[in-house]
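Residue numbers 1 to 627, in full-length UniProt numbering, belong to the letters of the sequence shown in order. C-beta atoms are modelled at their ideal positions from N, C-alpha and C, and glycine is treated no differently. Please read these numbers as outputs of a predicted model, since none were measured by experiment. Data block below; observations after.
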Amino acid sequence: MESPPWLQRLYALPRQGPDSITSDDMLRALLLIEELEPGLREGAVPEDASMAIKSIKLRLAKGSGAAGPAAAAAPPSTAPGGAGGARQNGAVVPEALVYDCPMANFWAGLRQAEIEGDFLKLPEGCFLLDDQDMGRELLIRGSYSALLRIVLALMLDDITKVAITGSPGIGKSYFLFYLMFTLATTLAQPVVVLHIRGLQRVLCFTGSTVLTGTLRDFYHQLDDPKTWYLVDEVEPVFCRAKTVLVSSPNRNIYHAFLKQRGATQRFMPVWTKDEIDLCRARLHTELEQEVVDDLWAKWGGRPRYVLEKALDPVVQASLDFAIYSCPDVMTLVRSLSEHGRVDKASDRLLTIEVGEDYATTRMAFASSYIAEGMSAQPLMNKQEEVQMWLRATEDNTIFGSLRGVLFERLAHRALQEGGEFDFRDLDGPEQGKVTITRSPLMPPFRSLGEVSQIPAGVYARLRSRTFAAVDALIKPNMLFQMSVGSEHPVKLAGLNAVMGTLSSTSSGGGCDRSNDSASNSRSGSDSGSKGDSSDEHNSMGGTAEVSAGVSAEEVQLFFVVPPAIFKTFKRQAFEQPKPEKGADPSSKPRKLKPVRPVRQLVLKVEFRARVAHARRAGLPQRMAFRV
Numbered sequence: 001m002e003s004p005p006w007l008q009r010l011y012a013l014p015r016q017g018p019d020s021i022t023s024d025d026m027l028r029a030l031l032l033i034e035e036l037e038p039g040l041r042e043g044a045v046p047e048d049a050s051m052a053i054k055s056i057k058l059r060l061a062k063g064s065g066a067a068g069p070a071a072a073a074a075p076p077s078t079a080p081g082g083a084g085g086a087r088q089n090g091a092v093v094p095e096a097l098v099y100d101c102p103m104a105n106f107w108a109g110l111r112q113a114e115i116e117g118d119f120l121k122l123p124e125g126c127f128l129l130d131d132q133d134m135g136r137e138l139l140i141r142g143s144y145s146a147l148l149r150i151v152l153a154l155m156l157d158d159i160t161k162v163a164i165t166g167s168p169g170i171g172k173s174y175f176l177f178y179l180m181f182t183l184a185t186t187l188a189q190p191v192v193v194l195h196i197r198g199l200q201r202v203l204c205f206t207g208s209t210v211l212t213g214t215l216r217d218f219y220h221q222l223d224d225p226k227t228w229y230l231v232d233e234v235e236p237v238f239c240r241a242k243t244v245l246v247s248s249p250n251r252n253i254y255h256a257f258l259k260q261r262g263a264t265q266r267f268m269p270v271w272t273k274d275e276i277d278l279c280r281a282r283l284h285t286e287l288e289q290e291v292v293d294d295l296w297a298k299w300g301g302r303p304r305y306v307l308e309k310a311l312d313p314v315v316q317a318s319l320d321f322a323i324y325s326c327p328d329v330m331t332l333v334r335s336l337s338e339h340g341r342v343d344k345a346s347d348r349l350l351t352i353e354v355g356e357d358y359a360t361t362r363m364a365f366a367s368s369y370i371a372e373g374m375s376a377q378p379l380m381n382k383q384e385e386v387q388m389w390l391r392a393t394e395d396n397t398i399f400g401s402l403r404g405v406l407f408e409r410l411a412h413r414a415l416q417e418g419g420e421f422d423f424r425d426l427d428g429p430e431q432g433k434v435t436i437t438r439s440p441l442m443p444p445f446r447s448l449g450e451v452s453q454i455p456a457g458v459y460a461r462l463r464s465r466t467f468a469a470v471d472a473l474i475k476p477n478m479l480f481q482m483s484v485g486s487e488h489p490v491k492l493a494g495l496n497a498v499m500g501t502l503s504s505t506s507s508g509g510g511c512d513r514s515n516d517s518a519s520n521s522r523s524g525s526d527s528g529s530k531g532d533s534s535d536e537h538n539s540m541g542g543t544a545e546v547s548a549g550v551s552a553e554e555v556q557l558f559f560v561v562p563p564a565i566f567k568t569f570k571r572q573a574f575e576q577p578k579p580e581k582g583a584d585p586s587s588k589p590r591k592l593k594p595v596r597p598v599r600q601l602v603l604k605v606e607f608r609a610r611v612a613h614a615r616r617a618g619l620p621q622r623m624a625f626r627v
């Protein structure tokens with residue numbers, strides 16, 4: 001039987017001592033260990049492979065001197081090193097450098113750190129960067145492990161300079177500590193130059209020693225391809241060292257860096273709710289779960305604001321201030337093209353959604369709370385400009401989420417004001433126009449109990465955070481879901497909850513539908529004449545006289561889309577609920593079915609803005625987001 005690929009790679013690594021292991025061999029070993037480490041801790045890796053992995057780690061770490069904090073406090077040898085310096089691990093150390101005992105304590109603590117579940121824990125008395133406020137534990141996010149594997153794989157492909165960017169306040173600096181932990185516990189005598197914004201000195205970690213100085217002092221280390229140069233929110237220097245930069249979106253920091261040969265960029269996602277809750281339960285026990293839930297709903301997945309600054313009234317007030325001080329949505333969108341970043345409102349209001357490959361991104365409002373606040377009245381102040389931007393960015397996937405929020409707001413306004421709209425039946429050939437009656441403007445309904453009180457024939461918006469499957473409805477049987485993408489699965493649990501509140505019969509009418517496909521198929525016949533209006537206009541709103549094959553119990557689910565995808569939009573799948581956390585994985589969950597028959601249709605909302613003028617003026621380019 002052929003060995004699995006990972007086992008073949010394991011035994012392909014050098015079996016000799018560490019002196020025979022090249023830099024690429026070390027990278028391969030690091031990458032393999034990082035891939036298998038979770039299974040090794042959980043006992044999911046075969047015993048022989050486990051022993052082989054441990055053997056490789058011992059060979060790589062031979063001579064690394066994993067001494068405890070006290071042992072690490074010994075200063076480097078002061079034997080003459082020539083050129084007026086001392087020698088440290090065989091290299092000349094300039095006299096200007098200063099031995100940093102507290103940082104050596106942190107460096108030694110990294111080597112003795114333990115992994116407890118999802119957390120990396122330093123020994124008693126050790127703190128991250130020797131800063132008690134930073135604590136001695138960090139959550140090993142799934143994205144940390146994934147990005148580390150990506151970085152190691154890129155280094156093997158001679159991509160030795162990697163910039164990792166992401167939304168502010170998501171723990172990008174802690175990723176560097178996790179990388180340092182991996183290097184400290186795996187490689188023999190790793191050399192790490194750490195350059196962090198806010199520190200008045202540059203740190204060089206090697207062996208059991210930590211030196212401080214300027215970048216010029218570490219010229220020889222940075223000129224060595226085996227050195228790891230880790231940079232946090234500072235423009236890196238040009239050098240041959242393996243460079244990993246972490247930064248919030250700020251082109252002033254990484255624009256020149258990414259122009260270098262062998263440089264690339266990846267992105268770190270915001271935190272999931274599970275990660276926030278896990279971190280609260282272990283590191284922020286002073287915070288009540290309800291408080292964290294409320295802050296999550298406001299800020300989204302940014303632990304700086306949800307956990308670290310949860311009790312800071314000034315920081316918490318800054319979100320509403322950012323929302324209400326922003327003149328309008330388009331001002332916010334334009335700010336994305338600014339090259340620098342000095343505490344802009346967009347840092348708090350917008351977030352970067354990251355794809356599974358950590359290379360593709362799109363912009364989104366950081367939370368539904370922010371989206372609702374930003375898409376309120378100020379949007380209407382420049383409605384025509386928003387319409388132009390929506391049309392001009394139809395093919396730009398980076399703005400997908402932003403376009404979705406803005407389109408939803410404008411579509412709600414258009415449907416509330418009423419009129420004729422083109423539609424297609426996604427379950428058959430029928431197409432034509434649907435007439436929706438103007439409805440009074442009402443605030444979004446927040447609960448299922450409120451839905452039961454909505455009068456028939458009235459266009460009613462639903463709060464997005466409560467109703468995940470439906471954005472609006474007209475009783476008794478019309479539901480609306482806004483979409484700017486061709487894929488929009490229907491959350492069946494949410495759909496069933498809304499359909500359960502609808503009455504099967506009601507009086508009054510909300511809209512009429514004229515069937516173009518029927519009249520086209522009868523071209524030239526009397527049935528298409530104005531006099532036979534009973535065939536031409538069929539109730540879809542409030543009356544019980546539903547049209548061609550539509551029963552009184554059937555619900556029409558309209559996907560409201562922009563013109564670009566109207567003709568190609570297809571029937572959407574029903575999405576089953578995800579298994580509950582902690583549920584038995586061997587038990588198959590019961591599949592839901594729609595509680596009422598559902599007919600899917602697509603409805604076009606068109607904004608008649610002067611898009612040609614917008615393109616000539618370079619509007620999409622000026623608003624393009626550059627990370």
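So, are the CB atoms of residue 362 and residue 372 less than 8 Å apart? In this structure, residue 372 does not lie closer than 8 Å to residue 362 by Cβ.
Taking the Cβ atom as the reference point for each residue, do residue 303 and residue 171 lie within a distance shorter than 8 Å? Their beta carbons are under 8 Å apart, which means residue 303 touches residue 171 by this criterion.
If we count the other Cβ atoms within 10 Å of its Cβ and call it buried at 16 or more, is residue 197 buried or exposed? Residue 197 comes out exposed.
Per-residue burial, residue 169 [other beta carbons within 10 Å of its own, 16 or more giving buried]: Counting Cβ neighbours within 10 Å, residue 169 comes out buried, since at least 16 surround it.
Which whole-angstrom value describes the C-beta separation of residue 187 and residue 194, a residue pair presumed to lie in contact below a C-beta threshold of 8 Å? The Cβ separation is near 16 Å, so there is no contact.
Based on DSSP bridge pairs, tell me the residues matched to residue 119. Residue 119 pairs with 116 and 139.
Assuming residue 603 contacts residue 560 (C-beta within less than 8 Å), just tell me the rounded distance between them. The pair is a contact, with the Cβ atoms about 5 Å apart (cut-off 8 Å).
For residue 177, I'd like the list of residues in its chain whose CB is within less than 7 Å of its CB, leaving aside the five on either flank, ordered along the chain. Excluding sequence neighbours, residue 177 sits near 128 and 138.
Where residue 321 sits in the DSSP three-state scheme: Residue 321 falls in the helix class under three-state DSSP.
Please confirm whether residue 213 and residue 189 have their CB atoms less than 8 Å apart. Contact: no.
Option in 142, 469, 573 and 104 with minimal Cα separation from residue 356: Closest option to residue 356, Cα to Cα, is 142.
So what does DSSP say about residue 432, is it helix, strand or coil? In the structure shown, residue 432 sits in a strand (DSSP, three-state: E or B).
Contact under 8 Å by Cβ, residue 469 with residue 494: Cβ distance < 8 Å, so residue 469 and residue 494 count as in contact.
Should residue 101 be counted as a contact of the ligand MG given a C-beta to heavy atom distance under 7 Å? Of the ligands one can find in the structure shown there are none, so the ligand MG has no counterpart to examine.
Could you tell me the distance, in whole angstroms, from the CA atom of residue 588 to the CA atom of residue 579? Those two C-alpha atoms are separated by around 9 Å.
Residue ranges of each beta strand (DSSP E) within the stretch 421-500, 3 or longer: Segments of the beta strand (DSSP E) lying fully in the stretch 421-500: 431-436, 459-461, 472-474 and 478-482.
Which residues in the same chain as residue 173 place their Cβ atom closer than 7 Å to its Cβ, once the five residues preceding and following it in sequence are excluded? Scanning its chain for C-beta atoms nearer than 7 Å, with the 5 sequence neighbours on each side dropped, one finds around residue 173 the residues 232 and 246, in chain order.
From residue 460 to residue 574, what distance separates their C-alpha atoms? If you take the alpha carbons of residue 460 and residue 574, they lie about 23 Å apart.
So, at 8 Å on beta carbons, what are the nonlocal neighbours of residue 597 in its own chain, with the 5 sequence-adjacent residues on each side left out? Scanning its chain for C-beta atoms nearer than 8 Å, with the 5 sequence neighbours on each side dropped, one finds around residue 597 the residues 551, 553, 554 and 555, in chain order.
Compare the Cα-Cα distances from residue 502 to each of 481, 489 and 455 and report the closest residue. Per the Cα distances, 455.
Cβ pair residue 712, residue 260 closer than 8 Å: Coverage of the chain is limited to positions 1 through 627, which leaves residue 712 absent and any answer about it impossible.
For residue 445, which residues in the same chain have their Cβ closer than 8 Å to its Cβ, ignoring the five residues on either side in sequence? Hits under 8 Å: 451, 454, 460, 461, 462 and 463.
When you compare each of 283, 428 and 308 to residue 295 by their alpha carbons, which one comes out closest? Measuring from the Cα of residue 295, the nearest candidate turns out to be 308.
Can you tell me whether residue 311 is buried or exposed? The criterion is at least 16 other CB atoms within 10 Å of its CB, across all chains shown. By the Cβ neighbour-count rule, residue 311 is exposed, with fewer than 16 other Cβ atoms within 10 Å of its own.
Residue 205 - DSSP class collapsed to helix/strand/coil: In this structure, DSSP gives residue 205 an extended state, which the three-state scheme calls strand.
Closer than 6 Å by C-beta to residue 558: which residues in its own chain qualify, once you throw out the five before and the five after it? Chain order, please. Within the same chain, and ignoring the five residues on either side of residue 558 in sequence, the residues whose Cβ sits closer than 6 Å to its Cβ are 480, 601 and 603.
According to the Cβ coordinates, are residue 418 and residue 403 closer than 8 Å? Not in contact: residue 418 and residue 403 (Cβ atoms no closer than 8 Å).
Helix, strand or coil: how does DSSP classify residue 559 here? Strand.
If residue 147 sits next to residue 305, beta carbons under 8 Å apart, how far is it from one beta carbon to the other, in whole angstroms? In this structure, residue 147 and residue 305 do not form a Cβ contact; the two beta carbons are roughly 22 Å apart against a cut-off of 8 Å.
Could you check the C-alpha separation between residue 424 and residue 449 for me, to the nearest Å? Cα to Cα, the separation comes out at about 32 Å.
Backbone CA spacing between residue 134 and residue 272 [nearest angstrom]: Between residue 134 and residue 272, the alpha-carbon positions lie close to 21 Å from each other.
Residue 427 versus 244, 571 and 316, residue with shortest Cα-Cα distance: Out of 244, 571 and 316, 571 has the C-alpha closest to the C-alpha of residue 427.
Can you give the Cα-Cα distance for residue 421 and residue 411, rounded to whole angstroms? Cα-Cα distance, rounded: 11 Å.
With C-beta atoms as the reference, is residue 161 less than 8 Å away from residue 263? Between residue 161 and residue 263, the CB-CB gap stays under 8 Å.
Residue 482: buried (16+ other C-beta within 10 angstroms of its C-beta) or exposed? Around the beta carbon of residue 482, a 10 Å sphere encloses 16 or more other beta carbons of the protein chains shown; the residue is thus reported as buried.
Does DSSP put residue 372 in a helix, in a strand, or in coil? Collapsing the DSSP output to three states places residue 372 in a helix.
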